[in-house]
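For the sequence shown, the residue numbers in mature numbering (1 follows the signal peptide of the UniProt record, and there is no 0) are -21 to -1, 1 to 198.
To start, the structure itself, in structure tokens.
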Amino acid sequence: MAMLSCLAIGLLGFAIRMTSASGTCERRMDSAESRIPKGMPIADFDFWVVNRTLGELYYAMSVPPLYIPDINYHQIIKKFNDSYYEEVAIGDTPSSPKQCNSYVFPWIPASSTQASFHRNGKPDNIFVVFSSCPKKYIWVYRCTQFTRSSRCPLSHTFLGLFINEGISDFGSPSYLDDLPLQDMLMDLCPTRVKFGVSEFKWFYSYGANTLCDPGFVQT
Ligand SMILES: *[C@@H]1O[C@H](CO)[C@@H](O)[C@H](O)[C@H]1NC(C)=O
Ligand SMILES: *[C@@H]1O[C@H](CO)[C@@H](O)[C@H](O)[C@H]1NC(C)=O
């Protein structure tokens, strides 16, 4: 039974019912590789993702993890023109004493139709953004050894799950209420990585950032 999972108002004001198949992923994960998913349409990305504050909920990389990621990571993607986007982000270092990290990463479009980008313009570093409910969350799939094939070694595969935030009550747990969890899980199927699998370390990274400039959220 198909489930009505997200009611989104599209660019032209049409109501688009986005559905996803319920159940489980059909294909099993490979032991060595993930699959590069299709990005969301770039127009949807511009409409739903650009200029919104996104809080990272989970960040995953294959085990053993290469590094310990920041926590309380928040980002805004800005669009300058069709060939240049920029991620502005803040996070707290996981170590003690904690301190603010802030970042600016160029995202250079790798496609004119889909949300896929080369971070820092590096051709072997690809970011793909996808979601069946971008009003609420996005997945960011990253491959750091992109070779134009549709596969990526697990050891070079990174996943970030971000939720859309407002500006009040920033980082509060209430933002985690009523998330379309089933959609979040099913959206991952094309990558062949199953949420929570033990081949990956799933870092829970959500929370208000207290160390960086709170002006970030006003942008
Ligand atoms: C993002 O915000 C800037 C500054 O407020 C604005 O000029 C721009 O049109 C916005 N872009 C999109 C895609 O909404
Ligand atoms: C797009 O914006 C970037 C950053 O401002 C700029 O360097 C680049 O020349 C612009 N490209 C075009 C085609 O306008």
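We treat Cβ as the ideally placed atom computed from N, Cα and C, and that holds for glycine.
Residue span of the alpha helix (DSSP H) that contains residue i, given as start and end
| i | result |
| --- | --- |
| Met165 | 160 to 166 |
Own chain, CB closer than 7 Å to residue i, minus 5 neighbours either side, in chain order
| i | result |
| --- | --- |
| Cys4 | Cys168, Lys173 |
| Cys191 | Ile69, Cys79, Ser81 |
| Leu12 | The residue you asked about is not Leu; residue 12 is Glu in the sequence shown. Answer for Glu12: Arg130, Cys131, Pro132, Leu133, listed in chain order. |
| Asp9 | Arg171 |
| His135 | Cys122, Thr123, Gln124 |
Nearest neighbour of residue i, chosen from the options [CA to CA]
| i | options | result |
| --- | --- | --- |
| Phe141 | Ser91, Phe182, Ser177 | Phe182 |
| Phe179 | Asn30, Ile15, Leu36, Val42 | Val42 |
| Asn99 | Tyr82, Ala11, Ser13, Thr92 | Tyr82 |
| Asp157 | Cys191, Pro88, His53, Cys112 | Cys112 |
| Ser151 | Pro44, Asn30, Arg121, His53 | His53 |
| Arg14 | Cys131, Gly145, Ala187, Pro76 | Cys131 |
| Ser177 | Thr32, Glu66, Met40, Leu33 | Met40 |
| Tyr46 | Thr189, Phe26, Ser74, Arg31 | Ser74 |
| Arg127 | Asn51, Pro102, Arg6 | Pro102 |
| Trp118 | Asp166, Met8, His135 | Asp166 |
| Thr32 | Pro44, Pro159, Asp162, Val67 | Val67 |
| Pro85 | Glu65, Thr72, Pro76 | Glu65 |
| Met163 | Ser153, Glu144, Leu138, Phe59 | Leu138 |
| Tyr63 | Pro159, Pro88, Arg6, Glu144 | Pro88 |
8 Å Cβ shell around residue i - same chain, five flanking residues per side excluded
| i | result |
| --- | --- |
| Ala94 | Gly18, Met19, Pro20, Ile21, Asp23, Phe24, Val28, Val107, Val108, Phe109 |
| Leu36 | Tyr116, Leu140, Phe141, Ile142, Leu155, Tyr183, Ser184, Tyr185 |
| Asn104 | His97, Arg98, Arg121, Cys122, Thr123, Phe125 |
| Ser91 | Ile21, Asp61 |
| Gly175 | Trp181 |
| Ala187 | Asn51, Phe149, Gly150, Ser151 |
Cβ-based neighbour list, residue i, same chain, cut-off 6 Å, excluding 5 preceding and 5 following
| i | result |
| --- | --- |
| Gln197 | Reliability of the predicted coordinates at Gln197 is poor, the pLDDT of 44 falling under 50, and the value obtained from them is presented with this limitation in mind. Around Gln197: no qualifying Cβ. |
| Pro48 | Tyr38, Phe182 |
| Thr189 | none |
| Pro16 | Val107, Phe109, Tyr120, Pro169, Thr170 |
Bounding residues of the beta strand (DSSP E) (the contiguous stretch that carries residue i)
| i | result |
| --- | --- |
| Gly139 | 136 to 144 |
| Phe182 | 179 to 183 |
| Val107 | 105 to 109 |
| Phe125 | Per DSSP, Phe125 belongs to no beta strand (DSSP E) and is neither H nor E. |
| Cys112 | From DSSP, Cys112 is part of no beta strand (DSSP E); its letter is neither H nor E. |
| Tyr82 | 79 to 88 |
| residue 210 | Because the chain spans -21 through 198 in this model, residue 210 falls outside it and cannot be assessed. |
*Ordered list of beta strand (DSSP E) runs contained in the segment 9 to 77, each at least 3 residues*: If we require 3 residues or more, the beta strand (DSSP E) runs fully inside the segment 9 to 77 come out as 12 to 14, 32 to 41, 50 to 60, 63 to 71.
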